[in-house]
């Protein structure tokens, strides 16, 4: 089974928790970071399928964290989120290598669908099918 680990980096705990609950309901594992430095340290310590970074965080913002990852040749997809509604921020994120961009407040269903399109999703149907095959092989 392919692991689908997501790193959510946002200085607002409520935002991290909402995203963690959303993605865990759909079979993802979620790790939280409260700033860009913590996010980079986590990425260097273990693999992630995807990152979701807020633009404004203490110590290091999301776009700057994304740039550091790209400088290190880490090509993990990263989505950038922000409540700052300017095309300049969006363009900066995309030019820095973001896989996607979402304005806050984030509509959760479009976010989940976009993440699924990037890294897939484990569903209960797939899990049931896998168990059925395992049972047949063992019989």
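Numbering (our numbering), first residue to last: 1 to 139. Cβ atoms here follow ideal geometry from the backbone N, Cα and C, with glycine treated the same way.
Outcome for residue i when other beta-carbon atoms lying within 10 angstroms are tallied against a minimum of 16
i	result
residue 84	exposed
residue 133	Confidence at residue 133 is low in this model, with a pLDDT of 39, below 50, so the placement of that residue should be treated as unreliable; the coordinate-derived value is given next. By the 10 Å Cβ count, residue 133 comes out exposed.
residue 46	exposed
residue 73	exposed
residue 65	buried
residue 135	Confidence is the limiting factor: at residue 135 the pLDDT is only 40, short of 50, which leaves the residue's position unreliable and the question unanswerable from this model.
residue 81	buried
residue 91	exposed
residue 4	buried
residue 54	buried
residue 44	exposed
residue 118	exposed
Segment limits, alpha helix (DSSP H) that includes residue i
i	result
residue 89	87 to 95
residue 68	62 to 71
residue 117	108 to 119
residue 48	Unbroken run through residue 48: none, as it is neither H nor E.
residue 24	13 to 25
Those residues which DSSP pairs with residue i across a bridge
i	result
residue 32	8
residue 81	54, 102
For residue j and residue i, believed in contact at Cβ under 8 Å, the rounded distance
i	j	result
residue 37	residue 59	5 Å
residue 79	residue 52	5 Å
residue 106	residue 48	That pair is no contact at about 19 Å.
residue 14	residue 33	Incorrect: roughly 15 Å between the Cβ atoms, too far for contact.
residue 69	residue 89	That belief does not hold up - the Cβ atoms of residue 69 and residue 89 are roughly 18 Å apart, past 8 Å.
residue 63	residue 93	5 Å
residue 115	residue 50	6 Å
residue 207	residue 24	Past the boundaries of the shown model lies residue 207; the chain is included only from 1 to 139, so the question cannot be answered.
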